[in-house]
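Structure first, commentary second.
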Amino acid sequence: MDIIKQLTSILDKNSLLYKKEEIIPYSRDASFFKGSLPLAVTIPNNVEELSRIMKLCYENEIPVYIRGGGTSLTGASVPFENSIVISMAKFDKILELDTISRYVVAEAGVRLENLNSYLDMFGYFYPPDPASSIASTVGGTISTNAGGLRAAMYGTTKEWVLGMEVVFPNGEITRFGGKVLKRSLGYDLTALMIGSEGTLAVITKAILKIAPKPRKIGRILAYYDEIEKVGEAVAKVKEEGITPMIAEFMDKIALESIKKTKGISYPENSNVMLILDIASEESSLDPLLERAYKIINSLNPIQSKVTTDPIEMERIYLARKGILSSLLVERESMNQYMIIGDIVVPPSKLAITLKEIQECNKNFYFKISLLGHIGDGNIHITIFTDPNDVELMKKTEEFLLETGKIALKHEGSVSAEHGIGLEKKKLLIEEFKAKNSLVNLEIMKQIKKVFDPKNILNRGKLLE
Ligand SMILES: Cc1cc2nc3c(=O)[nH]c(=O)nc-3n(C[C@H](O)[C@H](O)[C@H](O)COP(=O)(O)OP(=O)(O)OC[C@H]3O[C@@H](n4cnc5c(N)ncnc54)[C@H](O)[C@@H]3O)c2cc1C
1 MDIIKQLTSI
11 LDKNSLLYKK
21 EEIIPYSRDA
31 SFFKGSLPLA
41 VTIPNNVEEL
51 SRIMKLCYEN
61 EIPVYIRGGG
71 TSLTGASVPF
81 ENSIVISMAK
91 FDKILELDTI
101 SRYVVAEAGV
111 RLENLNSYLD
121 MFGYFYPPDP
131 ASSIASTVGG
141 TISTNAGGLR
151 AAMYGTTKEW
161 VLGMEVVFPN
171 GEITRFGGKV
181 LKRSLGYDLT
191 ALMIGSEGTL
201 AVITKAILKI
211 APKPRKIGRI
221 LAYYDEIEKV
231 GEAVAKVKEE
241 GITPMIAEFM
251 DKIALESIKK
261 TKGISYPENS
271 NVMLILDIAS
281 EESSLDPLLE
291 RAYKIINSLN
301 PIQSKVTTDP
311 IEMERIYLAR
321 KGILSSLLVE
331 RESMNQYMII
341 GDIVVPPSKL
351 AITLKEIQEC
361 NKNFYFKISL
371 LGHIGDGNIH
381 ITIFTDPNDV
391 ELMKKTEEFL
401 LETGKIALKH
411 EGSVSAEHGI
421 GLEKKKLLIE
431 EFKAKNSLVN
441 LEIMKQIKKV
451 FDPKNILNRG
461 KLLE
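FYI, this note's numbering numbers position 425 of the sequence shown as 425, with every residue one higher than the one before it.
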């Protein structure tokens with residue numbers, strides 16, 4: 001069977017790519033994994049075309065890889081050979097906004113930054129805010145249960161999805177959830193899709209909750225000598241009943257990379273920076289900021305300050321969001337890649353976890369940079385390594401495993417927000433083992449079989 005010929009009968013010529021030079025970019029995502037060239041990349045215009053592509057692939061048992069923004073850091077969106085990629089690029093419309101019921105309906109390929117620029121005009125926003133929001137999509141972020149900078153206050157994507165339209169592997173179209181906040185209808189199939197990493201069905205549009213924009217935001221910046229102090233500071237702020245909207249930290253290597261790429265300097269004798277945003281109604285912001293600032297200063301920062309200047313705040317915010325590109329200047333050779341660990345612990349365990357990660361690296365000697373969404377306990381361990389060096393990669397995996405074990409020891413998790421993809425399959429099993437719940441893996445495999453009996457969706461990822 002000539003699959004390209006069959007696809008030509010479904011798609012116009014601008015929606016089907018199969019020449020090598022056109023499809024090469026689709027063989028990679030933002031991770032270090034090298035995928036293979038698929039047979040073709042399809043860019044359907046609507047759900048009917050998408051459904052026909054799925055049906056064709058299902059009948060012929062051709063693996064299908066769904067692609068949103070391709071920003072996965074775990075290899076979740078790289079295809080393998082003899083497969084079809086479905087790009088969601090043309091599902092880019094915002095369909096409906098209801099500010100009374102507080103939801104927006106958006107197609108799966110809408111990029112989060114575009115969604116928020118639109119909502120901003122009405123005084124609303126969609127809280128999930130991965131640092132990749134300029135490129136990551138509604139469908140991709142639902143599929144990985146993305147978190148990001150504002151999760152400290154608003155939680156991750158799972159808190160914000162009311163419903164969705166999906167296409168099953170056999171081409172059937174259905175809808176989960178709806179436009180209301182409350183439903184009691186048995187198994188929650190909307191929830192099942194969140195974090196499913198393109199293995200169960202294709203999300204074509206979603207009903208998302210939105211929130212009014214906070215009236216006023218203030219920011220505290222503090223630099224400390226010891227990295228554990230940011231963990232202590234966040235724990236103390238929370239203990240005092242203050243929930244920061246954003247709480248981020250970056251170590252010295254990250255600060256140095258920002259200095260080199262963005263010209264933002266930092267006190268030379270500091271080893272870590274804490275960014276803490278407090279959001280509130282206009283009248284209550286100042287006392288809240290004052291209380292938080294007092295706590296931050298009780299840990300003897302090298303320098304600290306409060307700002308409500310929007311230009312200054314935006315500058316730091318964008319520097320933090322762009323940190324992974326800044327860190328590229330810290331590579332010691334062109335072969336080096338950055339592999340990003342994504343552990344999470346209860347915030348009360350942050351300080352000890354940060355200390356133990358550093359201790360652990362004394363056995364490995366990796367150049368690492370520690371940063372992350374510390375407000376919800378999420379630590380990203382950026383490891384500078386070489387994916388083409390087999391021995392070094394074994395060591396890298398070992399280090400990731402050891403840091404995963406540190407998170408598990410403190411009742412955290414091996415994957416906070418980046419998902420499993422290809423990278424964390426062993427870590428997933430490790431977590432189930434540690435929690436004495438290996439049976440969960442079996443349940444997940446059975447669910448996969450119900451949705452996708454021929455195993456065509458995102459074959460080789462997550463569970464295999
Ligand atoms: C610079 C950078 C910073 C990042 N920062 C963060 C961060 O702060 N927080 C965070 O959580 N993540 C972060 N990430 C990781 C990444 O952006 C997220 O995993 C994001 O959710 C992926 O969205 P995407 O649209 O790019 O999806 P893709 O990478 O295209 O796909 C991810 C997975 O979702 C599936 N998928 C995509 N669209 C659909 C669909 N419509 N239906 C079904 N399955 C689908 C794919 O098959 C794949 O399994 C970052 C990545 C980069 C490169």
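For glycine and all other residues, C-beta sits at the position ideal for the given N, C-alpha and C.
Partner residues in a beta bridge of residue 204, as assigned by DSSP, do not exist.
Taking one beta carbon from each stretch, the segment 232-247 and the segment 145-154 have 3 or more pairs nearer than 8 Å; the two touch. The residue among 104, 229 and 186 with its C-alpha nearest the C-alpha of residue 298 is 229.
For the set 232, 196 and 17, the Cα lying nearest the Cα of residue 348 is the one of 232.
Closest option to residue 94, judged by alpha-carbon separation, among 206, 31 and 15: 206. Per the C-alpha coordinates, the member of 130, 213 and 249 positioned closest to residue 275 is 249. When the beta-carbon positions are compared, residue 139 and residue 458 stay at least 8 Å from each other. When DSSP states are grouped into helix, strand and coil, residue 21 belongs to the helix group. Spatial neighbours of residue 420 in its own chain (CB-CB distance under 6 Å, excluding positions within 5 residues in sequence) are listed in chain order as 428 and 462. At a threshold of 7 Å, residue 458 counts as near ligand 1, since its beta carbon sits closer than that to one of the ligand's heavy atoms. Remark: the C-beta of residue 194 is outside contact range of ligand 1, defined as less than 7 Å to any heavy atom. The beta carbon of residue 189 lies closer than 6 Å to those of 176 in the same chain, with the five residues before and after it left out. Between residue 178 and the set 302, 101, 346 and 40, the nearest pair of CA atoms involves 101. The beta carbon of residue 202 sits closer than 7 Å to at least one heavy atom of ligand 1. Here the C-alpha atom of residue 214 lies approximately 29 Å from the C-alpha atom of residue 193. Ligand 1 never approaches residue 52 closely enough for any of its heavy atoms to be under 7 Å from the residue's Cβ. Where residue 365 is concerned, there is no enclosing alpha helix (DSSP H), because DSSP gives it neither an H nor an E. The three-state secondary structure of residue 284, taken from DSSP, is helix. Taking 7 Å as the cut-off, one finds at least one heavy atom of ligand 1 near enough to the beta carbon of residue 73. Around the beta carbon of residue 404, 16 or more other beta carbons sit within 10 angstroms, so the residue counts as buried. Selection 67, 210 and 55 evaluated against residue 7 yields 55 as nearest (Cα-Cα).
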